[in-house]
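4 protein chains.
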Amino acid sequence: MRMNSAAMRMNSAARLSAACALVVVFAVGAAAQQKPCMTASKFGPDDQIGNLNYVTPAKTLAASKLITRGKAYRLGIETNKDTPAYGTRTFAVIVLQPGQAGGATIGPNKTTYNDDIITGWVGIGSQIDGFGHLGIDNLYFNCNKAADFAMPDGLKKLGIEHVPAIATRGVLLDMAGYFGVDIVKEGTAFNRAEIEGAMKRQGIKAIEKGDVVLFYSGWLKLLGKDNKRFISVNPGPGRDGARYLASLEVAMIGTDTSNFEVIPFEKDAGVFEVHQILLARNGIHILENINTEEMVKDQAWEFLFTLGPARITGGVQAIINPIAIK
Amino acid sequence: MRMNSAAMRMNSAARLSAACALVVVFAVGAAAQQKPCMTASKFGPDDQIGNLNYVTPAKTLAASKLITRGKAYRLGIETNKDTPAYGTRTFAVIVLQPGQAGGATIGPNKTTYNDDIITGWVGIGSQIDGFGHLGIDNLYFNCNKAADFAMPDGLKKLGIEHVPAIATRGVLLDMAGYFGVDIVKEGTAFNRAEIEGAMKRQGIKAIEKGDVVLFYSGWLKLLGKDNKRFISVNPGPGRDGARYLASLEVAMIGTDTSNFEVIPFEKDAGVFEVHQILLARNGIHILENINTEEMVKDQAWEFLFTLGPARITGGVQAIINPIAIK
Amino acid sequence: MRMNSAAMRMNSAARLSAACALVVVFAVGAAAQQKPCMTASKFGPDDQIGNLNYVTPAKTLAASKLITRGKAYRLGIETNKDTPAYGTRTFAVIVLQPGQAGGATIGPNKTTYNDDIITGWVGIGSQIDGFGHLGIDNLYFNCNKAADFAMPDGLKKLGIEHVPAIATRGVLLDMAGYFGVDIVKEGTAFNRAEIEGAMKRQGIKAIEKGDVVLFYSGWLKLLGKDNKRFISVNPGPGRDGARYLASLEVAMIGTDTSNFEVIPFEKDAGVFEVHQILLARNGIHILENINTEEMVKDQAWEFLFTLGPARITGGVQAIINPIAIK
Amino acid sequence: MRMNSAAMRMNSAARLSAACALVVVFAVGAAAQQKPCMTASKFGPDDQIGNLNYVTPAKTLAASKLITRGKAYRLGIETNKDTPAYGTRTFAVIVLQPGQAGGATIGPNKTTYNDDIITGWVGIGSQIDGFGHLGIDNLYFNCNKAADFAMPDGLKKLGIEHVPAIATRGVLLDMAGYFGVDIVKEGTAFNRAEIEGAMKRQGIKAIEKGDVVLFYSGWLKLLGKDNKRFISVNPGPGRDGARYLASLEVAMIGTDTSNFEVIPFEKDAGVFEVHQILLARNGIHILENINTEEMVKDQAWEFLFTLGPARITGGVQAIINPIAIK
């Protein structure tokens, strides 16, 4: 069975009626918030990058001055079939030698080569969550509705290919140090008090507009040792902490955990509500499994953070490996 | 049919005899070159990163001083099913809404989400060629033989996950400007004369140890307009140019074409011999489809170049999106 | 972001509320139809195979008597990247030689081998639609709701692995012969009149309980010649024809088109309403792209039809190649 | 890096020289065997189906007379991510609801649907080995050399799409019964003595030209219970047994194990030498993981065997589900 264009036309009608149902919800929200919808971008109806708009040349230039030692850090963990991942996610790499069956080589200079193929879910390993990843009742960042952009062959808006060049100030909060532990306990929420406490302890004066804030909890020490615990729970930003950082207009927030936000969720919190607060309501990207172990050892608290996610058209997320430079 | 451990044991015998045949070749090479094999690394038998060893903190620190404007450039092109790619290479992204069939949402806060899956060849779009990509008669960088590391579920050595954090000086050579054309003609080799000519024209005093050298030819202007020409031929580094840059001990070389080196190949040149010179013989990584169009407009000739390829274990190549900062 | 068990618990609450909404609809239907839901199976609440229950040993034995010539027909068409398929569907086969890089062979007997990998949508080429393929507002065959069984890693009910061994009477209706054309025009509905007309013309006395009915329209002659027309429209069963065959309690219905039912849809018909009538309401499997060209030439109208779809656990559809024996 | 047509031209030269090396070997073989190469088909140089040529209408008609009860058997086991498979082989099914994000339905009749995608190695579960699967030093059935037909996007000869409609006499040999055990011990070879012994015990008078011979060993009882043992060793046909059945000109041979032939291999046997004897030297297809448990219970020793592997162009193997009818 295949859907033809006639089907697609009628589909519009169906979507319209689905949209009508949503309108009621939105109408209520609109009255309260005076904006087109609860996820509207402050950067206008065409915006797809949210607070990354704050990463201006002036911001980048200032951040480059934080480089004092020249040490570059590789923040990505490895992605492979053994990387812990939620239930149905799988990953495989295939390596082959095209056209070389039987030991054939190419040309008088005997060229040989390997090629590789990936078949897998993107949400495995270090990753960036694009704005199309998580929404509120199918409403995503900047009033985009799933039915309008979430197509089976890729997102038609909010795709990962739109992420601009990222080079901005990074701030690393050592939450393990703040709590005086090797690994912060699961369920520990990083809220305003903890954030400010860690900043004070580390001598960080301010978190600024357009910054990338990274949390270190020591959680990656569990990787490969207790994958079940690693993947099912973790410490992380709570709702108050997320709203606080949003109020500071940061560009991105990252953690060294796979779920990013605190799990078990805070009392009375919804399911992945912190994701909703950041991605959908505030246009703040989320980074997961960001390995800052070595940076903590070096006390590299403020630095230039750079990231260029592979530009796979319509991608929801990307497997990443940011480079921090102190 | 499946290979069991008994099979694998006998396999070793077979490999041994194959290896014996190679020994003859190596013996000849060894006598002439006084090194373990023709692709031996100057950084020792365990080396997997070649000239990236030159990217030291001092090098990074110096490169960071090249940032004078704060403008960051996104050098990746998009990868999707329409990106021109050689014959058998295909690429697909799949977007789905796990557990949400029928419009189900999750939790009282009505979370919804999209996930994505990739099934495709890595060699499509902007990419880095790892040292496991191309060799000489199955001998790859640093004396690694294909039979020893090129396994179907990923490379056991030279995998892309070993690439360190890259933050170094980048130099952009505007070959279109040098030739006074919009698009440099296919088959035009960039050799020592052309490289030095472009440097002189742009006022670049030196290419230094550990640099990343990017060539701009205007070739990406053909993308989506004449894909057949785009994918089958292009200007690019010739053998003499590759050897010259290798003598300068650069860390990486990139072009704005999919084949990297000049095609049709130079007279008397082998098939992808420039790849062999760089990847296998000199431990210099190759970058393809690097979009420097905007940098040329801005005359951003010397800059901080950063790259963190996604760390897919055993990957041969990686789809990349380097960030250059001027 | 990953869903944990806490999320899943809340998810149940969400599903419950979604289910409540459906209950209203079902209540209305139940009153009218006196059955648990509009798609309830006559074979009981645990049934997953519908009218294939009619394929009993007695039925198979009788059908085997239809073999009078011994000629076996291969009814599958080929599936590959060029097989026309709806918009986002793609298909790729990858062939590799594991562990044989560099020409290595295995053992003293020099074994070599090729292996293959598939990455693709199942709905390409000849196929069987399982009961989990198409539903009515997320209600599938036998009162199964999408939210309960359509999981991202496979169907938890109605998966293709449940299809039993099929060996039953097949009846081929030559609609091209009936209409006196090579290729029946798109939009031509096969309804009761056409079915009975074709039967009469071919001397087929009856369509019986548990039969597989195949329609020949000549449509596969367009394959590779006019793929756009082939994939977007076709003749096929109409609503009346589907209901008529359902009243005769056939087990499966197949056509030589990719969409199965008549397109453009009949006046006032819904989108793929014939699929709904057969798969969801009547437990009758659908077969697509069934190549009966040679059978028509041989006037093989009544025969033994056999089919064993590959038992991929949780599969929605299967790529098939039925064998008919006359 | 991509191979262009210039590269391909030189490739031919390289292949030529590789071919020359083989010619020496073939020349020796030819002198001894008086045939073009050691894997030449008795059905001529264009043959791609080997002993399936013996499955003629007369053969099929005769086999249909073996149907006396009408009971049809489903011989396939399930294929999924947990099906034991050799080292690097993986398998995943993905189910999604295209265009239905947010609960959208299609048309006034509210159509909804699931689609499925497969990403995985074909050699998992019940399978047929095509003639392109296994060879002798890169020489495959009927003098086909790997370098000539084993392309990364599919086999250019010997692909699974060439398998004709199969409907022939099946013979089931109950080796567990013969040995008086539930599960025949690993390493037990089925050779001429065992085959004839089992035939005598079951009252099977003859194995005939064009037959499919299935062995039952009870090995599938280990599936899911001791997967490590299941996948690494098993009883099965030995070299003498394979040659004996080849002398009887059978069309296919199947077992209820994943490796098919006896492992550990017989003393002095090569690695998968039985595969070589059947696939490469004699044009006899191999079937693996064929579940005949229920047939043994029913003493269904002689029957009509039918098989139509999905016709994936260029496929090496196929996941199958044969139907036997007694």
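Protein chains in written order, with the numbering used here: chain A, 1 to 326; chain B, 1 to 326; chain C, 1 to 326; chain D, 1 to 326. All C-beta atoms, glycine included, are put in the ideal place defined by N, C-alpha and C. Please read all numbers here as calculations on a predicted model, not as lab measurements.
Taking DSSP as the reference, what is the three-state secondary structure of residue 208/B? Against the second sequence, residue 208/B aligns to sequence position 208. DSSP places residue 208/B in coil when its eight states are reduced to three.
Contact belief for residue 318/A with residue 312/A at Cβ below 8 Å, rounded distance in angstroms: Along the first sequence, read from residue 1 onward, the residue named residue 318/A stands at position 318. Along the first sequence, read from residue 1 onward, the residue named residue 312/A stands at position 312. Indeed they touch by this definition, with Cβ atoms about 7 Å apart.
Are the C-beta atoms of residue 84/B and some chain C residue less than 8 Å apart? Along the second sequence, read from residue 1 onward, the residue named residue 84/B stands at position 84. Among the CB atoms of chain C, none fall inside 8 Å of the CB of residue 84/B.
Exposure of residue 294/B, with buried meaning 16 or more beta-carbon neighbours within 10 Å: To locate residue 294/B, count along the second sequence from 1; it is residue 294. Flag for residue 294/B reads exposed.
Can you name the residues of chain D whose CB is closer than 9 Å to the CB of residue 38/A? Translated into positions along the first sequence, residue 38/A becomes position 38. Residues of chain D with a Cβ closer than 9 Å to the Cβ of residue 38/A do not exist, since the nearest Cβ in that chain sits about 16 Å away.
Cα-Cα separation between residue 146/D and residue 104/C, rounded to whole angstroms: The sequence position of residue 146/D within the fourth sequence is 146, counting from 1. The sequence position of residue 104/C within the third sequence is 104, counting from 1. Going by the C-alpha atoms only, they are around 13 Å apart.
Roughly how many whole angstroms lie between the Cα atoms of residue 48/A and residue 109/A? Walking along the first sequence from the start, residue 48/A turns up at place 48. Walking along the first sequence from the start, residue 109/A turns up at place 109. Whole-angstrom Cα-Cα distance: 48 Å.
Other residues of its chain near residue 168/B: CB distance less than 7 Å, five sequence neighbours each side excluded: Counted from its first residue, the second sequence places residue 168/B at position 168. So the qualifying residues of the chain are 55, 59, 60, 63, 210, 211, 212, 251 and 305.
To the nearest angstrom, how far is it from the Cα of residue 141/C to the Cα of residue 42/C? Sequence index remark: in the third sequence, residue 141/C carries index 141 (1-based). Sequence index remark: in the third sequence, residue 42/C carries index 42 (1-based). Distance between the alpha carbons of residue 141/C and residue 42/C: 11 Å.
Could you tell me which chain C residues have their CB closer than 9 Å to the CB of residue 45/B, listed as they occur along the chain? For the purposes of this step, residue 45/B is taken as the residue at position 45 of the second sequence. In chain order: nothing, as chain C lies at least about 20 Å away.
Helix, strand or coil for residue 272/D per DSSP? For the purposes of this step, residue 272/D is taken as residue 272 along the fourth sequence, with counting starting at 1. Correct three-state label for residue 272/D: coil.
Could you have a look at residue 303/A and say whether DSSP puts it in helix, strand or coil? Within the first sequence, numbered from 1, the residue matching residue 303/A stands at position 303. In the structure shown, residue 303/A adopts extended strand secondary structure according to DSSP, grouped into three states.
Who are the near neighbours of residue 257/C in its chain, counting only those whose CB is closer than 6 Å to its CB and skipping five residues on each side? On the third sequence, position 257 is the one that residue 257/C refers to. Contacts found: 219, 234 and 236.
Top-ranked residue by Cα proximity to residue 299/B, from 204/B, 249/B and 86/B: Here residue 299/B is taken as the residue at index 299 of the second sequence, counted from 1. Nearest C-alpha to residue 299/B: 204/B.
Where residue 327/C meets chain B, residues with beta-carbon distance less than 8 Å: No answer is possible for residue 327/C: the residues shown for chain C start at 1 and end at 326.
Got a sec: is the Cβ-Cβ distance from residue 253/A to anything in chain B below 8 Å? Taking the first sequence and counting its residues from 1, the one referred to as residue 253/A is at position 253. No Cβ of chain B is located within less than 8 Å of the beta carbon of residue 253/A.
Would you mind telling me which residues of chain D sit closer than 8 Å to residue 68/A, beta carbon to beta carbon, in chain order? Taking the first residue of the first sequence as position 1, residue 68/A is located at position 68. Per Cβ cutoff of 8 Å: no residues; residue 68/A is ~39 Å from chain D at best.
With 8 Å as the threshold, decide whether the Cβ of residue 313/D is near any Cβ in chain A. Residue mapping note: residue 313/D aligns to position 313 of the fourth sequence, counting from 1. The beta carbon of residue 313/D does not come within 8 Å of any beta carbon belonging to chain A, so the residue lies off that interface.
Compute the Euclidean distance between the alpha carbons of residue 276/B and residue 123/C, then round it to the nearest angstrom. What you label residue 276/B is simply residue 276 of the second sequence in a count that begins at 1. What you label residue 123/C is simply residue 123 of the third sequence in a count that begins at 1. Approximately 42 Å, taken between the alpha carbons.
Residue 96/B to residue 69/D span [Cα, whole Å]: Within the second sequence, residue 96/B is the residue found at index 96, counting from 1. Within the fourth sequence, residue 69/D is the residue found at index 69, counting from 1. In this structure, the alpha-carbon of residue 96/B lies about 47 Å from that of residue 69/D.
Is residue 227/A close to chain D? Criterion is C-beta to C-beta, closer than 8 Å. Residue numbering aside, residue 227/A sits at position 227 when the first sequence is read from its first letter. It does not; no Cβ of chain D falls within 8 Å.
Can you tell me which of the three DSSP states residue 252/C falls into? Within the third sequence, the letter at position 252 stands for residue 252/C. Note: residue 252/C maps to strand in three-state DSSP.
Every unbroken alpha helix (DSSP H) within the region 80–161 of chain C, with a cutoff of 4 residues, ordered by chain: The region 80–161 of chain C contains these whole alpha helix (DSSP H) runs: 146–149.
How do the region 169–180 of chain B and the region 84–91 of chain B stand: do at least 3 beta-carbon pairs fall below 8 Å, yes or no? Contact between the region 169–180 of chain B and the region 84–91 of chain B is absent, because fewer than three Cβ pairs lie under 8 Å.
Taking 8 Å as the threshold, find out whether the region 128–141 of chain C comes into contact with the region 271–291 of chain C through three or more Cβ pairs. Of all C-beta pairs linking the region 128–141 of chain C to the region 271–291 of chain C, three or more are shorter than 8 Å, placing the two stretches in contact.
Can you tell me the Cβ-Cβ gap for residue 221/A and residue 183/A, rounded? I've got them flagged as a contact below 8 Å. The sequence position of residue 221/A within the first sequence is 221, counting from 1. The sequence position of residue 183/A within the first sequence is 183, counting from 1. For a cut-off of 8 Å, the C-beta gap from residue 221/A to residue 183/A is around 6 Å, short enough to register as a contact.
Nearest to residue 53/A (by Cα), restricted to the options 36/A, 76/A and 165/A: Here residue 53/A is taken as the residue at index 53 of the first sequence, counted from 1. For residue 53/A, the nearest C-alpha among the options comes from 165/A.
Return the residues of the region 146–180 of chain C that lie within a Cβ-Cβ distance of less than 8 Å from chain A, sorted by chain order. Taking a C-beta cut-off of 8 Å against chain A, the contacting residues of the region 146–180 of chain C are 151, 152 and 153, listed in chain order.
To which residues of the same chain is residue 117/C closer than 6 Å at the C-beta, ignoring the five residues directly before and after it? One-based indexing of the third sequence puts residue 117/C at position 117. Taken in chain order, the residues that qualify are 94.
Looking at the C-beta of residue 99/B, does it have a partner C-beta in chain C at a distance below 8 Å? By 1-based counting over the second sequence, the position of residue 99/B is 99. So, interface residue.
So with Cβ pairs under 8 Å, would you call residue 233/A a contact of chain B? Stepping through the first sequence from its first residue, residue 233/A is reached at position 233. No - not a single Cβ of chain B is within 8 Å of the one on residue 233/A.
Looking only at its chain, what residues have a beta carbon closer than 8 Å to the beta carbon of residue 243/A, apart from the 5 residues adjacent to it on each side? Counting from one through the first sequence, the residue named residue 243/A turns up at place 243. Around residue 243/A: 277.
Between the CA atoms of residue 39/B and residue 50/B - distance to the nearest angstrom: Position 50 of the second sequence, counted from the start, is the residue given in the question as residue 50/B. Position 39 of the second sequence, counted from the start, is the residue given in the question as residue 39/B. Whole-angstrom Cα-Cα distance: 11 Å.
What distance in whole Å lies between the Cβ atoms of residue 207/B and residue 245/B, which are believed to be in contact at a cut-off of 8 Å? Start at 1 with the first residue of the second sequence, and residue 245/B comes out as number 245. Start at 1 with the first residue of the second sequence, and residue 207/B comes out as number 207. The Cβ separation is near 7 Å, so the contact holds.
Through-space distance from residue 238/A to residue 216/B, alpha-carbon basis: As a first step, residue 216/B is located in the second sequence; it is residue number 216 there, counting from the start. As a first step, residue 238/A is located in the first sequence; it is residue number 238 there, counting from the start. The alpha-carbon atoms of residue 216/B and residue 238/A are separated by roughly 47 Å.
For chain C, find out if any of its Cβ atoms is closer than 8 Å to the Cβ of residue 104/B; answer yes or no. Taking the second sequence and counting its residues from 1, the one referred to as residue 104/B is at position 104. Chain C contact via Cβ: present.
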